[in-house]
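Okay, so the sequence shown: first residue is 66 according to my numbering, each after it adds one.
Built from N, CA and C at the ideal position, the CB exists for glycine as well.
Just so it is clear, the structure is predicted and the values come from calculations on it, not from any experiment.
Everything on this sheet refers to the single structure shown next.
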Amino acid sequence: MKITASHIAQWADTHARQAQDQLPRLIRRLCYDPEASREISFPAGDSTYRPGWDGVLSSKKGNAWMPAGASRWEMGCDKEPTTKANGDYRKRTQATSEEERSDCTFVFVTPRRWTKKSHWIAKQRAKGEWKDVRAHDADDLEQWLEQTPAVALQFTEELALTGPGVESLSRHWDAWSGQCKPPITFEAFLTDRASARDALAEKIQSITSQPDSSPFLAIRADSVEEAAAFAVAVAMASGSSRDRTLVVTEPEGWRYVEANPQLEIAIAARTETAKKPVSRAGLLIIVPHATGDSTMKPATGEGELVLERPDIYQFEQALIAMGVEESDAHRYALNTGRSWTVFRRQQAVNPAIRHPAWLDKSQSASLTLVCLLGAWLNDNSADRQVVERLANRPYEEIERNLRELAAFDDAPVLRIGKLWKAKSPLELLTLFGNRITRSQLDRFFSVAEDLLSTPDPQLELPDEERRMANIHGKAHPYSDFLFDSICDSLIKLAVRGPEQPRLDALNIEARVAGLVRELLHDADEERWLSLASFLSALAEAAPEEFLRAVEKSLSRPDAPVKRLILETRDSGLMGRCWHTDLLRALETLAWAPRHLARVALILARLSHVPMKGNWGNTPSSSLFGLFRSWLPQTAADLSARIQVLDLLITKEEEVAFGVLKGLLKDGRQVAHPSSRPKWREDDAGAGHSVTNAEMHGMIDAARERILRFSGGNAHRIAALLRTGLRHPQELPKILPLMTPFTETPATDEDREILRAALRERIRWHRNYDKSSAAELNKWLGPVEALYERLAPWDLVIRHRWLFDKSRLDLPRRDRDKGSEERNNTITRIRTSALTEIHQACGMAGIETLITACAEPHIVETTLAKTAWLNDIPWPEWIAEKGEGFAPSAPMTRCISGFLLAISQPASNDLLRKVIALGERHGWDADKFARFLVLVRVEPETWRLTEECGVEVHAAYWQRVQPTIFFHQKEPEFVLERLLEFKRPRTALSCCNSSLEQVSPRRLYAALQQFLQGEETDASQIDPYDLPEMLKRLEKSGEIEKNELIRLEFGLFPALGYGQESRAAALYEGIMSEPSLFTELIRLCYRPKHGGQEEPTETTQAAAERAYSILQACERLPGTRPDGSIDGEELTRFINATRKLCREADRLEVCDSTLGQILAHAPKDKDGVWPCAPVRDLLERPELEEMRRGFQIGTYNKRGITVRAHGKGGGQERALAAQYQA
């Protein structure tokens, strides 16, 4: 119904109070223009009683009712508008400065009919007190509303005058979003839908720029109502267009649209409403559709916008912003499948909304298997057989029903590619659970047991080959989707099944527990490993049975469950952490206070199992997370956690001590949240934060307990000084624990353990504590005194720490000393210590120190600086104590350090004396060599080896590890000697820093020896050094091209990942010589027709190498020095190579391989990719296989991608836009 001046005046008469409150809101809507309004303020409702203007507006452009520039507004609903207007005009004129009035328009508005309006305006304008004076009455408002039909519609709704079939944006949004509790907010609904929102906003904006168009736009969402609500939400945020947009709820509403040409956007509330819409230029008609409905199309098919569901994290955050608890938000995100339609239905205040239409359809019978299986792959035959077995019907019939269900509004099932899945699995169980029969459950549990009890085929492979299980045919025939969804169904049935009367009557919880018991009771290592990915689901499905199974397994002598940890080895990129889901299972159960103690004891026992690799998810880290003072990952309260901690101290003392230490650790800490239950609510409201009182309560409890049971244990007391108890105020609690160790019964080793901890504390406070010297001496003095009293009686143990590491931290202030002074002080202290030991114990004490300290070479380096150096018969001592000169023996390291520390003349003299003693004692050549490799690697040593005879000379060069050269010719000499004794790896390693000093021919010979497999027991050559060696050979010009190609072909596997392109000669050769490229193709691939001999081990290795070379090739034929492509050379190479490969019956693989190489083509100068020569080549009709290879290469060259959490597929969309441009 059209709103008239009479309606407006009647509103002021019959609803005077409402009119007084709401009139400013009406004017605000009429004036609002986000593109023109610089300032707008029209307080409405309760705010109308505030002092000040009724309205303030500043607009860049005006119209017949709204002045351009600044304006000040007054309003009144009085029956005598003239009296009210005069009073407001007089008051505001007196209160406003002349300067402000000269640039401002005064506007008075009344909802009454005002017969004297024109006279009043003329009278006030004549005074010249304002820039301009205007006034509007009911007749003016009627005309203004005619030009803003959307505002008029909303006002009509407020006056209860709405005509049939149309609805304002705000009314429609409030009706849709307010049907659930909490109501869906505008911001939450648009979360993570920026691209769809921007696309629709752009479409809306185009209406203004292209008024002659008559577009239709379809929006697809989980339901028709959600699609319409999205269009409404975006239109409400689109600025000026919101006043020219409405919702058509019935076909009759199109008459309203037709009668109001100012309308630019009409949103159909339902698909069928848009069957016969009004069509005219400048009107955008938005038609909502359900995602699964493929039968309904937009009126013209011109455009379609698909509304994706939000990312789960974004959906959770949107719910939290709506006021939902964080733990509930995560659960809702799972329960609803991230669908706002499902959330609205589940939380509906209207019971009618909770019952979807598809529930009563005949096809819904097939929802039983969706409810139980959850998801499967349509193209997986094993999955289809499972579906048929459970449904007891042909698969084609089931899929036909599912396709029909997917077409319904707010469909319960989704098909994503080849995947069938429930949109909201838990809701489906709630709605459909009572229709599941006993026979269907029997079939489901039979299927679940068969699948989950089958050994994982990959376990038949060696550990290093399991990552390629699919290639070896050792993978489950069933999809991962099916396994995961069956496990998920077990949880749902156990947790929510009892809420359904029929399922409860079928004892569903006990049946799930029975299946878990059957799977895990007395499970062997193979069963635990086979179920490694499903343990957290089984644990949540049947917590008691799971805990009982793990406890029983740990109690067995072989403890099969430990195999999950022992099987975990490599922590690299392709390594698998087999115990991850076991820890997740235990973390999930620990949220329930009733399970906390059992989980803690299990984790403590698992902490003793040795782990390989540097995996972060360990039993000890999971255990500590349960007790972390500031973020405990359990719902148990503080007292319950402390009780479990006490139990842990009783049962697992050492593990408990580690937990206590962690609780007392200060400084910044990082926590990784534990796994939470998927469907159970044990974690509700827990695990996010605690009060300061609770946090300090746990810390105080830990402090009390760690002090109590650390007494008498030096290791634990020392650990206390390295935790949160290291602060000065805590020391009085620890020092009494140390005092007993000053007495005789304490061992020297325990005393030194405590002294080491005190030494760290004393050094830190003396150098970095900000306290005054007096205050520091006051409390640190007793600590230093105790440090001295704890000095071990054994001099070796007392001074051993001085020789445990090169950089020494002394328990004194030396921060303000220079490095030279500090080093001199350390040397003096070390020398004094050796002197004290020597005086008391002789060389026997020094020898004991050498074997006891961590760095024996420091002992001998220091010995070289003692005053009594020459008192020792060094030749005899070295000859006697060196024994066999084993490379890693402490005495050997010490002797080497001594020989390197003394002067070169003294070292050479001592060397000859020891050799003389060795000859006298009958040393063999090998022992002479083991001694000689301890000294400097220099010409004098090499001459000495020659003097010792051929055997010693040979043994020396077979052992020596040269690293530093002092003369320019030495690398060449060393390389020659090492190659003479078949040591290419050592030769190449020692010359990589001086390649320019090595002749290319010598270097080439070393690489050839390396290829022949010499010195296989030596360390590997760094793959980053090999390319530099090849580069040296290529630049020298002394090695023939074919020799280089053969060398790089052989070395290719050793180049390492990412370095393949450094084989420049090889790639230049195969990309310029068609015959060479063809030979690589022949090595890799069989001919298309006819047979081929079975490969030998040698030909297999060559084939694998050739394949790797081709796969890593990024150089194109015809590549010029500047990187551009010579089109003629490219074409010549392609034609010649294809001819040779056609003759070899390998044309298809040739084209595919060349296509993948062409994917690495450069851009043209104008930025177009690929460059013109490649584009021209690929457009040849006969090169379809090459184009397919080009597509594969383009996909593959992208490699691994990295993105921030929650960023989604932005990178992929950017690439798609690039390729579509």
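Cβ contact (3+ pairs, closer than 8 Å) linking the region 435 to 453 and the region 517 to 534: no
Measuring CB to CB, does PRO490 end up less than 8 Å from ASP425? no
According to DSSP, is GLN379 helix, strand or coil? Shown here, GLN379 sits in a helix according to DSSP, grouped into three states.
Considering only residues of the same chain and omitting the five flanking positions on each side of LEU206, which have a CB-CB separation below 6 Å? ILE73
Can you check whether the CB of ILE1104 is closer than 8 Å to the CB of TYR1069? yes
Does the beta-carbon of MET533 have 16 or more other beta-carbons within 10 angstroms, so that it is buried, or is it exposed? The residue in question, MET533, is exposed, as its Cβ has fewer than 16 Cβ neighbours within 10 Å.
Looking only at its chain, what residues have a beta carbon closer than 8 Å to the beta carbon of LEU800, apart from the 5 residues adjacent to it on each side? PRO847, VAL848, LEU851
Can you give me the C-alpha to C-alpha distance between ASP874 and GLU840, rounded to a whole angstrom? Going by C-alpha positions, ASP874 is about 23 Å away from GLU840.
Counting along the chain, where does the alpha helix (DSSP H) carrying GLY1134 start and finish? 1129 to 1135
Assign PHE1031 to one of two classes, buried (16 or more other C-beta atoms within 10 Å of its C-beta) or exposed (fewer than that). Because PHE1031 carries a pLDDT of 45, less than 50, the predicted location of this residue cannot be relied on, and the following value inherits that uncertainty. Counting Cβ neighbours within 10 Å, PHE1031 comes out exposed, since fewer than 16 surround it.
Local conformation of SER387 per DSSP, three classes: The amino acid at residue 387 is misidentified as Ser; the sequence shows Met. Correct three-state label for MET387: coil.
Helix, strand or coil for LEU348? Go by DSSP, reduced to three states. coil
Enumerate in chain order the residues of its own chain whose CB-to-CB distance from GLY1188 is below 8 Å, with the five nearest sequence positions on each side excluded. PRO1227
Pick out whichever of ILE827, LEU1060, ALA606 has its Cα sitting closest to the Cα of LEU1095. LEU1060
Bridge partners for TRP138 per DSSP, in chain order? GLY120, VAL172
Between the alpha carbons of SER1064 and ALA1177, how many angstroms are there, rounded? 30 Å
LEU282 - DSSP class collapsed to helix/strand/coil: strand
Can you give the Cα-Cα distance for GLY152 and MET131, rounded to whole angstroms? 22 Å
Could you pull the DSSP bridge partners for CYS245 from this structure? ALA413
Helix or strand or just coil, what does DSSP make of THR645? helix
Can you give the beta carbon distance from GLU652 to SER686, rounded, assuming they're within the 8 Å contact cut? No, GLU652 and SER686 are not in contact; Cβ-Cβ is about 10 Å, not under 8 Å.
If you compare alpha carbons, which of PRO247, GLN708, PHE1198 is closest to THR1184? PHE1198
Across the region 889 to 903 and the region 949 to 968, are there enough close Cβ pairs to call them in contact, namely three or more that are closer than 8 Å? no
Reduced DSSP category for ILE481 - H, G, I as helix; E, B as strand; rest coil: strand
So what does LEU370 bridge to, in DSSP terms? ILE284
Taking only the alpha-carbon atoms, compute the straight-line gap between ALA665 and GLU1250 and give it to the nearest angstrom. As the crow flies, the alpha-carbon of ALA665 is around 60 Å from that of GLU1250.
Suppose only complete runs of 4+ residues qualify. What are the alpha helix (DSSP H) ranges in the region 1082 to 1128, listed by chain order? 1091 to 1101, 1106 to 1116
Excluding the 5 residues flanking GLU925 on each side, which residues of the same chain have their C-beta closer than 6 Å to its C-beta? Excluding sequence neighbours, GLU925 sits near CYS959, GLY962, PHE963.
Contact check, ASP646 vs LEU600, beta carbons under 8 Å: yes
Determine, using beta carbons only, whether ALA283 and VAL172 come nearer to each other than 8 Å. no
Short of 7 Å in beta carbon distance, which residues of its chain neighbour ALA266, apart from the five on each side in sequence? Order them along the chain. VAL299, SER303
Give the single residue among SER260, ALA200, GLN379 whose Cα lies nearest to the Cα of ARG137. ALA200
Residues of its chain near ILE463, where Cβ-Cβ distance is below 8 Å and the 5 sequence neighbours each way are ignored: SER431, LEU434, VAL452, GLU453, ALA456
Tell me whether GLN1033 is buried or exposed, calling it buried when 16 or more other Cβ atoms sit within 10 Å of its Cβ. Note on GLN1033: pLDDT 49, under 50, position unreliable in the model; no value is reported.
Can you tell me which of the three DSSP states PRO146 falls into? Of the three classes helix, strand and coil, the one that applies to PRO146 here is helix, per DSSP.
With which residues is ASP197 paired in a DSSP beta bridge? THR170
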